[in-house]
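**Q** Residue numbers are given in the working numbering: position 98 of the sequence shown equals residue 568, and the series is strictly consecutive. Pasting a structure here, questions to come.
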Amino acid sequence: MSGGKRRVTLPAEFHRLIRQGAKVLIIEDLVSSGTTVRLLTQLVEDLGGQVVGIGALWRRTKKAQIGGKEIFSLVSRDFPTYPPDSCPFCKKGVPLNQEFVKRKEHRKPSSAQEKS
Ligand SMILES: [Zn+2]
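The following block contains the structure:
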């Protein structure tokens, strides 16, 4: 987690859909702290929309509600995130799994191009 303030933006294409009184269902792939969903809910409401529900594929926190709305999720399993200095696994000497850790310089984006 970085110390920066999280910011949520809504692409312009959505603005015409979220009018006064429009019913909006927020679906996320992964909900961790819930900050993104909370900001998105606020943004929708600021635009006049009404958030009627929140769904997620995976909710990885114990917290099941955001702004009084229950999060419906297909998978709910608590996977806590620890700051490095208070990680219980580091304290026990459990090594970090590097399998999915790749340094930025080794990452290459995939692309496809239309043939002319
Ligand atoms: Zn650790």
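In this text, a Cβ means the ideal position worked out from N, Cα and C, and glycines have one as well. Computed from a predicted structure; not experimentally measured.
Please tell me whether, using a cut-off of 6 Å, the distance from the CB of Phe559 to the nearest non-hydrogen atom of ligand 1 is below it.
**A** Within the cutoff, so yes.
**Q** Rounded to the nearest angstrom, what separates Phe549 and Lys585 at their Cα positions?
**A** Spanning the two alpha carbons is a distance of roughly 44 Å.
**Q** Where does Val478 fall in DSSP's three states?
**A** Val478: coil per DSSP, three-state reduction.
**Q** Going by DSSP, which residues form a beta bridge with Glu540?
**A** Looking at the DSSP assignment, Glu540 forms a beta bridge with Gln535.
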